[in-house]
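Keeping their order, the protein sequence lines are chains A and B.
Everything in the first sequence is counted per the numbering used here, starting at 1 for the first residue and increasing by one.
Everything in the second sequence is counted per the numbering used here, starting at 516 for the first residue and increasing by one.
Where a beta carbon is used, it is the ideal one built from N, C-alpha and C, also for glycine.
Protein chains: 2
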Amino acid sequence: MNGAQALLRTLVAGGVDACFMNPGTSEMHFVAALDDVPEMRPVLGLFEGVVTGAADGYARMAARPAAALLHLGPGLGNGIANLHNARRAASPVVAIVGDHATYHKPLDAPLESDIDALASNVSSWVRRSLKTSELPGDAAAAIAAAYGPPGQVATLIVPADVSWSKGAAPLEPRLPRAAPPVREEAITAAAAALRSEAPAAFLIGGDACSAENLARLGALAAATGARLLCETFPARLQRGAGRVAPERLAYLGEMASTQLDGLAHLVLVGAKSPVSFFAYPGKPSELVPAGCEVHSLCPPGEQVAAALEALTALLPEGTAEPAAPERPAPPAGGEIGAVELGLAVGALLPEEAVVVDEANVSGLFIPGATAGCPPHDWLTLTGGSIGMGLPLATGAAVASPGRRVLALEADGSAMYTAQALWTMAREQLDVTTVILANRSYAILNMELQRVGAAAGGERARRMLDLTGPELDFVHLAEAMGVPASRATTADELVDQLQAALFTPGPSLVEAVITR
Amino acid sequence: MNGAQALLRTLVAGGVDACFMNPGTSEMHFVAALDDVPEMRPVLGLFEGVVTGAADGYARMAARPAAALLHLGPGLGNGIANLHNARRAASPVVAIVGDHATYHKPLDAPLESDIDALASNVSSWVRRSLKTSELPGDAAAAIAAAYGPPGQVATLIVPADVSWSKGAAPLEPRLPRAAPPVREEAITAAAAALRSEAPAAFLIGGDACSAENLARLGALAAATGARLLCETFPARLQRGAGRVAPERLAYLGEMASTQLDGLAHLVLVGAKSPVSFFAYPGKPSELVPAGCEVHSLCPPGEQVAAALEALTALLPEGTAEPAAPERPAPPAGGEIGAVELGLAVGALLPEEAVVVDEANVSGLFIPGATAGCPPHDWLTLTGGSIGMGLPLATGAAVASPGRRVLALEADGSAMYTAQALWTMAREQLDVTTVILANRSYAILNMELQRVGAAAGGERARRMLDLTGPELDFVHLAEAMGVPASRATTADELVDQLQAALFTPGPSLVEAVITR
């Protein structure tokens, strides 16, 4: 069998049975092999950012890697932004990048570029496969690297002739290696800090945000009086009625500093020590207050559950008390603002929904308003690279049949990777997209002030507003086969969202925000 | 003045007075400074591939660099594909990439990534500016590097605090350095080859494709009997009635080999020795026939006009005879196929039009059908990274007020960077876009056969077709403020194209191709 066929079979044998792709000539043997390996589900994206973002969303929900098939350096380039988010989410992804045939590469043909340099920007593991007979082994190594722990982007570069030549045999990849054992000294140090009278908090991220680990953390917090904080942008936070709800650290450094103020101990569980998202003139970048001791109980990639259990054994018993906020009533009508958006989503979110949150400024009240909704998952913009929402929702839906995915998408961010709508339509995915149409890069208008830049005159403001012309997301969605409607009042929003959330297949609601 | 203000003033002083941008927080001081430097024209793109492709198109028409302002690694990543094309076009581009503040960088904040590695993929010159006082000098060096010759992508990485701190003074950049002098031995060697009786051809590219140099080359070809070939994907070919028309080398290696067959001498003028675009099993990658001697008269970046004049002095006199093909009549009706597309464009193309050609498979007959049109410029996909057409047209239109830009755009390629339509609408650019809607990655269906991959079953073919759902480009254009119409017959195509080409501002015609 040829390299591509063995590569596909090895992927499937390693549990990688979904492949998001935007292939080109160098990948044609991979594409041709799809009919030989029916266990692999191929999903076409019309742009590589869709492909890589979908692989991230898939990984966050399936907890195993999908493959992302990309074409040469430019294809990888187009996929970089969402691989960056995947890297920050510790999502396992097997990126497969086709390259020119080995003997063609030195000729500097038009599409030649330094793929390895690009890949190094987002990948913890990069390998160029140079022999057909070694391609299955390289693929198995890529799968293992992707699993981590922690999960990571593993990029396998596959020259066209390595794909098309015969002489490959598929492999059965080894299972992912276990996370490193719990470090006793880290457990005892954290226990001592939590037993002290001084104010303490957990700061959690990664695997610590699962419902099971949140229950453990809730019990520990109850036993010790420590607060339970969550990193600003968790990859996947399980939340809703009956679950322990951590307090998320604010995006704005000033607000995050206030949240951390007065702490003597900060215990990190699956999270890194907090820093501000950007630097601002005259403001600190590190958010931990002076005098606060930081304890890394369990860095990303270590076994959170085992660490929490070990910690529990050293501390008094406690009982987690999940907050029980009320689910809000739908908004009472009028125009749509951030509050009405929150109320509408809070009133309607279905059980077991998967919420993809790239709502940004106008979405400010949605997390609070949904805290009492039935249990659901919340996926956020881990790496800050906008344009992740619609692709992430696409991949999450592929990984989560039977669950409703709700993409909360700011208008500016939506425009980076709106092509994902077409894939949602083609695959008839149960994704409801709400566009938060405030007609502005609203966050940049805020940042323009925050960085200390002069208010900016008309020319500056024009670079941050999205009017002239206004975007019409109903037309945009319909152009790609997704039914869509526009809500200009809160009542319309509720009606349209209700229909969109409970009708099979994809749909889009453009919420026109006027305040 | 702060770094950003001095940066903008230095750019303008260096002739860089257009900036395509998709800024983020790190670039807010640059944006704020726009109101202080009214000579700079800022143009917003809703995606970075629009920004970089527009900078390429601008450079090809203005013959000087624009700036492309990008946000951190992910922003540069999104812009890589079209910077790749710019690099292959030898377009001068000053890419300015904002980065975290110098002291924030070690903290590994969410958006932190290795920008330098990304930049190295597409840039011949990369510098990270580390001091506000040195930023203007770094900008001046970037401008000089971008000019080349040959033109190149120069990437200047600007940390946020270098932008926002005070203490910078703008500079007057030095003029671009002259191209290296003509190499006498190259001239005499080429002259000897052309004086021989053996079959010879010029292969031209870059600056050799200007009308003036084509006239010189036409005279040389007439004097020596040498054929005049052009590289497959010239950055800017001046063509049309009254101009010397080179024969373009075919994209398919087999056809290009036939064109080159029998040559004893190939004289390169602004072009590289030809290689096939991709490798194919059992087919040669190098296209020069065995026994053919290759003479590099003038590599990219040397002075083409001077080299041609020196060569002319060594050879008998000749008179260029421009081909005078007839301009076609419009198609006679019926459905729209590749032939009808060619006839429609050939019948209607306005004088001094700028044609951006990303028409791919369905555009096969358009170059031939437009050979007798009034003089016009033809810009092609130099680097093979699809998604260049609409951005390139945007930038070309900014650089060419008063001229009609015609973007011939394959449907699959259009979907990579369709956001350019919004910029066309905002800036009210005179761009007519024709979408060649064959509902398929047609070139990949062809390549699937050519690489020797098995015909591919249904699963493979589904990865290469764009139906289910069909894309609606009329809705897509209207979503972004561009008036649009759909042509399903040749008569409709002619009527709609006529209206679109002669109405001010942007418009789009979706040509539904049925054969």
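Which residue from the options puts its Cα closest to that of residue i?
i	options	result
Pro-845/B	Phe-793/B, Leu-858/B and Ser-1022/B	Leu-858/B
Leu-823/B	Ile-851/B, Pro-696/B, Ala-577/B and Trp-893/B	Pro-696/B
Leu-686/B	Gly-529/B, Gly-816/B, Val-819/B and Arg-643/B	Gly-529/B
Gln-753/B	Ala-655/B, Ala-583/B and Gly-721/B	Gly-721/B
Gly-242/A	Gly-452/A, Pro-375/A, Glu-27/A and Asn-78/A	Pro-375/A
Glu-873/B	Ser-928/B, Ala-828/B and Thr-885/B	Ser-928/B
Val-153/A	Leu-220/A, Glu-197/A and Thr-52/A	Thr-52/A
Asp-491/A	Asn-445/A, Ser-133/A, Phe-473/A and Val-512/A	Val-512/A
Thr-1003/B	Glu-855/B, Thr-1018/B and Lys-620/B	Glu-855/B
Gly-1038/B	His-104/A, Asn-85/A and Glu-27/A	Residue 1038/B cannot be examined here, being either before or after the span of chain B that is shown, 516 to 1030.
Ala-957/B	Gly-972/B, Met-978/B, Thr-947/B and Leu-894/B	Met-978/B
Asp-116/A	Leu-252/A, Asp-99/A, Asp-108/A and Ala-90/A	Asp-99/A
Glu-985/B	Phe-880/B, Lys-681/B and Met-930/B	Met-930/B
Trp-893/B	Leu-864/B, Lys-681/B, Asn-537/B and Leu-584/B	Leu-864/B
Leu-585/B	Ala-707/B, Arg-603/B and Ala-610/B	Ala-610/B
Pro-23/A	Ala-420/A, Asn-445/A, Pro-299/A and Leu-72/A	Leu-72/A
Leu-1008/B	Met-961/B, Glu-850/B and Gly-755/B	Glu-850/B
Ala-141/A	Gln-303/A, Leu-11/A, Tyr-280/A and Glu-447/A	Leu-11/A
Can you give the beta carbon distance from residue i to residue j, rounded, assuming they're within the 8 Å contact cut?
i	j	result
Val-355/A	Leu-268/A	Wrong, their Cβ atoms sit about 25 Å apart, outside the cutoff.
Gly-402/A	Glu-321/A	Actually they do not touch by this definition, with Cβ atoms about 31 Å apart.
Ala-715/B	Leu-778/B	7 Å
Ser-644/B	Val-677/B	5 Å
Ala-738/B	Gly-833/B	3 Å
Arg-731/B	Thr-747/B	That belief does not hold up - the Cβ atoms of Arg-731/B and Thr-747/B are roughly 22 Å apart, past 8 Å.
Arg-60/A	Ala-235/A	5 Å
Ala-4/A	Ala-169/A	Contact flag wrong, Cβ pair sits at about 13 Å.
On the DSSP bridge assignment, give the partners of residue i in chain order.
i	result
Glu-873/B	Glu-924/B
Gln-753/B	Asp-892/B
Arg-1001/B	Glu-1025/B
Cys-298/A	Val-269/A
Leu-732/B	Bridge partners of Leu-732/B: none, in fact.
Gly-440/A	Note on identity: in this sequence residue 440/A is Ser, with Gly being the wrong assignment. Its beta-bridge partners are Asp-465/A.
Just the C-alpha distance for residue i and residue j, rounded to the nearest angstrom, thanks.
i	j	result
Pro-316/A	Ala-271/A	24 Å
Asn-728/B	Leu-743/B	12 Å
Arg-1001/B	Phe-793/B	34 Å
Glu-39/A	Ala-33/A	11 Å
Val-434/A	Leu-476/A	13 Å
Cys-534/B	Leu-829/B	45 Å
Pro-176/A	Ser-285/A	36 Å
Gly-663/B	Ala-577/B	15 Å
Gly-898/B	Ala-369/A	49 Å
Phe-47/A	Pro-589/B	15 Å
Tyr-58/A	Ile-187/A	33 Å
Gln-449/A	Thr-540/B	10 Å
Ala-741/B	Ala-933/B	42 Å
Val-31/A	Asn-78/A	20 Å
Ala-338/A	Ala-139/A	46 Å
Ala-726/B	Gly-887/B	15 Å
Gln-498/A	Met-1/A	51 Å
Quick one: is residue i buried, meaning 16 or more other Cβ sit within 10 Å of its Cβ, or exposed?
i	result
Leu-981/B	buried
Thr-423/A	buried
Arg-1030/B	exposed
Ser-113/A	buried
Arg-919/B	buried
Phe-1017/B	exposed
Met-21/A	buried
Pro-106/A	exposed
Met-255/A	exposed
Ala-332/A	exposed
Gly-972/B	exposed
Glu-261/A	In the sequence as presented, Glu is not what sits at residue 261/A; that position holds Asp. Asp-261/A is exposed by the Cβ-count criterion.
Thr-909/B	buried
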